[in-house]
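What follows is one structure encoded as structure tokens, with my remarks underneath.
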Amino acid sequence: MTTTPQGQTSYPRQSARTQRFTLGAPRAATPAPDGSRVAFLRSRGGTDRVTCLWTVDPATGAEVLVADPSALLASGEEELSAEERARRERTREGAGGVVGYATDREVRTAAFALSSRLFVSDLVAGTTRELEAAGPVIDPRPDPTGRRVAWVARGALHVAGVDGSDPRVLVEPDGDDVTWGLAEFVASEEMGRYRGTWWAPDGERLLVARVDESPVQRWHIADPEHPERRPAEVAYPAAGTPNADVRLFLVDLDGARTEVAWDRAAHEYLTTAHWSSHGDPLVQVQSRDQRRVQVLAVDAGTGATRVVAEDADDAWLELVAGVPAWSPDGRLVRTVDRDGARRLVAGDDVLTPADLQVQAVLDVDEQGVLVAASDEPTERHLWLAGWDGSLSRLTSGSGLHGGRLGGGLLVVAASSLERAGTRTVVHTLDGVDGPGTEIPSYAAVPDLVPRVTLLRAAERDLRTALVLPTGYDPAQGPLPVLMDPYGGPGAQRVLAARSAYLSSQWFADQGFAVVVVDGRGTPGRGPAWEREIAYDLAGPVLEDQVDALHSLAEDHPELDLSRVGVRGWSFGGYLAALAVLRRPDVFHAAVAGAPVTDWALYDTHYTERYLGTPASHPAAYAGSSIVDEAHRLERPLMVIHGLADDNVVAAHSLRLSSALLAAGRPHTVLPLSGVTHMTPQEVVAENLLLLQVRFLEEALARREG
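The UniProt record's numbering puts the first residue of the sequence shown at 1, with every later residue one more than the last.
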């Protein structure tokens, strides 16, 4: 194992302290429609977890600190409600302070919750004040005109003037398990819908989700370290069990409400809504089996709906962020899977070609549609689809790009293999090729530089990264291999960005050749590639890891295939455990962090998308789960799980461990008291890396001997 020079902070500690080098970086940028300012979030330094709200003048680069939590909170400490903690877990938010905000249409007024209290900012004057509000405050949102702000407290929807005047409750929960204006678990965890309110363009009424969780089974998550505390009760809809009952209402400012009507029996999921001045309110709904999606236009007077678009697929339909929406001329903007690609359409016009995979719609305005899309899976660029049918790529070079469009401004957040961190620059739309105005990042810079080579492996051109130790010379001889995948649907690991390989490089510097593979089911290569895992979450993903490893070894003698370890978290943890159970001839040790071991224990919207329900497809669940394969273990396995995890609950690892014990198979279990799926605690995050590398070194050394 390499050592850290005296006086330097180790990479594990540095990574944990900086939240993987994200603290201090600007994020959540919002350009004003008049082009005069851009609002954004950023903490003051690379180890500062207190996020502030800022604005920047695109012409001069002058910044204004609009909201400083340290000044706004007399005690300096946040007090978070259980609901707010759950929201942050769903969004994987580990920082504090102003972690999110919403603005009016002109980006003059912003609202945010801080320590479960309500604050409103004047983004022009650069001032912030607290409003007296019933709490704990969750998800405050100004109306588009900037006159009022709505928020949720204890399941009730509240509204007041942005000056605090005329506070009132619009609608109260009508049951113990009912909330108004919030997203249910599967919406925020799996659909990317984190909200339950949408203002009308004139600010006179809202679309509001009513969520009744009484049909949902209850799970209880205890803290064994504190037996005096009551277990947390979680409404968790496991595969095949009832979901929350979600309805949608038009709510007037006097509290009058009208239900939005659609066939909820046929389309159980409310995936998103959209309300702009360019057309009727839009609602997107999806069937329980996720094979059918409808876009509905809502009559704002009666709540009646009409179908304006409908799609179907024999496997499933992916949800794309940012759509549906109306164009300024009243055409429906959405994505469709056509000709082997996920394509952008407006009305009857297809705006993107078949060799470009649209991954997200970022903005729709008078200039056109800004999308994040890939013509090479390891990269992501910004493209502008104009209303005249033109299409232009706005970003250059290799790497990953995100951004926002508005007021003739383009905000670009770019990362690459050539530099550390993310660079955020504000351009004018007619000056994208120019230097623009950079928003400084205060993020810490890692001490290590990834030595990574991007490759294509095996017959399926599997995108693969090979990471070797710093200063490695082939004359030193072959290295033990560490596979470091996620490997499953919804996430990519092989990307043209340094930040993707920092932990992999640290493991490499401990004496491993690290290999990262994105196989079938991962995004970026089109709908058919994603659907290769239908009814089998195990076979294709494991086969691709094996094939890529063997293909890579043919050209890279530095890989010692007699010593191969694998590590991963979440789906990657599942894949790691799967690897040593099914292919001990290839994988000789594994670290499985927060693994799904029995897919019948995971949630409805994710699991049923790929496997159907346990009742309809029992063979798919049996073939994809691993508890019943515990008797096959013959390699060292470490299982790590946070006992406070409410996403992949600890029962997954405990059931696997029980089955391993019953089969007489030695293994290691590391339970983490008070730790969730994110493992945000600094000491925990640091020591997890150290314990993993020690375990792998010992396991593979025994193999070598």
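The C-beta atom is built at its ideal place from N, Cα and C for all residues, glycine as well. If you're wondering where the values come from, they're calculated on a predicted model, not measured in any experiment.
Query raised in the report: Looking at V323 and R342, is the spacing between their C-beta atoms short of 7 Å?
Result: no
**Report entry** Cβ-based burial, P666 [other Cβ within 10 Å; buried from 16]
**Finding:** exposed
**Report entry** Length of the line joining the Cα atoms of D560 and L405
**Finding:** 48 Å
Query raised in the report: In chain order, what residues of the same chain have a beta carbon less than 7 Å from the beta carbon of T2, not counting five sequence neighbours either side?
Result: Low per-residue confidence applies at T2: pLDDT is 49, beneath 50, and the placement is therefore not dependable, though the value from the model is reported in the following sentence. So the qualifying residues of the chain are D509 and Q510.
Requested in this report: In angstroms with no decimal places, state the Cα-to-Cα distance between D48 and G24.
Outcome: 7 Å
Report task. Could you check how far apart the C-beta atoms of D337 and D375 are, in whole angstroms? I think they sit under 8 Å. Result -> Not quite, the Cβ-Cβ distance comes to about 17 Å (not below 8 Å), so this is no contact.
Query raised in the report: Is DSSP giving V693 helix, strand or coil here?
Result: helix
**Report entry** Same chain only: Cβ atoms within 6 Å of S657, ignoring 5 sequence neighbours per side
**Finding:** V669
Query raised in the report: Hey, how far is the Cα of G705 from the Cα of L482?
Result: With a pLDDT of only 46 at G705, under the threshold of 50, the placement of this residue in the model should not be trusted; the figure read from the coordinates follows. Cα-Cα distance, rounded: 18 Å.
Query raised in the report: CA-CA distance, S43 and A74?
Result: 18 Å
Query raised in the report: Considering H652, what are the terminal residues of the alpha helix (DSSP H) in which it resides?
Result: A651 to A662
Query raised in the report: Of all the options A619, V445, L643 and A589, which has the alpha carbon lying nearest to the alpha carbon of T9?
Result: V445
Query raised in the report: Considering only residues of the same chain and omitting the five flanking positions on each side of A620, which have a CB-CB separation below 7 Å?
Result: Y535, D536, L611 and G612
Query raised in the report: Which class does Y269 belong to by DSSP, given the choice of helix, strand or coil?
Result: strand
Requested in this report: Rounded to whole angstroms, what's the CA-CA distance from E532 to G330? Just pull it up for me.
Outcome: 36 Å
Query raised in the report: Where does the unbroken alpha helix (DSSP H) through L552 begin, and where does it stop?
Result: G539 to D555
Query - Cβ distance (whole Å) where V350 is taken to contact L362 below 8 Å - result: With 8 Å as the limit, V350 and L362 do not qualify as a contact, their Cβ atoms being about 19 Å apart.
Requested in this report: Report all residues from its chain with a CB closer than 8 Å to the CB of A304; omit the five preceding and five following residues, and keep chain order.
Outcome: A261 and V298
**Report entry** Residues of its chain near V308, where Cβ-Cβ distance is below 6 Å and the 5 sequence neighbours each way are ignored
**Finding:** V295, A297 and L332
Query - Cβ neighbour criterion (16 or more within 10 Å) applied to A169 - result: According to the sequence shown, residue 169 is Val rather than Ala. With fewer than 16 other Cβ atoms within 10 Å, it is exposed.
Report task. Look at the alpha carbon of V38 and the alpha carbon of H427, and state the distance between them as a whole number of angstroms. Result -> 11 Å
Query raised in the report: What first and last residue would you give for the beta strand (DSSP E) that runs through E608?
Result: Here E608 belongs to no beta strand (DSSP E); instead the alpha helix (DSSP H) covers T604 to L611.
Query raised in the report: Could you give the distance in angstroms between the alpha-carbon of W198 and the alpha-carbon of H274?
Result: 7 Å
Query - Validate contact between the stretch 464-473 and the stretch 494-508 using beta carbons, cut 8 Å, 3 pairs - result: yes
Report task. Apply the 10 Å Cβ neighbour rule to G301 and answer buried if 16 or more other Cβ atoms are within range, or exposed otherwise. Result -> exposed
Query raised in the report: Which whole-angstrom value is the C-beta distance of L578 and L542, which I expect to be below 8 Å?
Result: 6 Å
Query - Beta-carbon proximity list for A701, same chain, < 6 Å, skipping 5 on both sides - result: none
Requested in this report: State whether the stretch 146-159 contacts the stretch 170-182, with contact taken as three or more CB pairs (one from each stretch) at a distance under 8 Å.
Outcome: yes
**Report entry** Beta-carbon proximity check, A354 vs D339, cutoff 7 Å
**Finding:** yes
Query raised in the report: How do the stretch 117-127 and the stretch 81-90 stand: do at least 3 beta-carbon pairs fall below 8 Å, yes or no?
Result: no
Query raised in the report: At a cut of 8 Å, does the stretch 10-19 reach the stretch 428-448 through at least three beta carbon pairs?
Result: yes
Requested in this report: Measure from the alpha carbon of L282 to the alpha carbon of each residue in R291, F40 and T271, then state which is nearest.
Outcome: T271
Report task. Determine, using beta carbons only, whether D636 and A589 come nearer to each other than 7 Å. Result -> One detail in the question is off: residue 636 reads as Pro in this sequence, not Asp. Against a cut-off of 7 Å, the Cβ pair of A589 and P636 comes out as a contact.
**Report entry** Contact check, L53 vs Y101, beta carbons under 7 Å
**Finding:** yes
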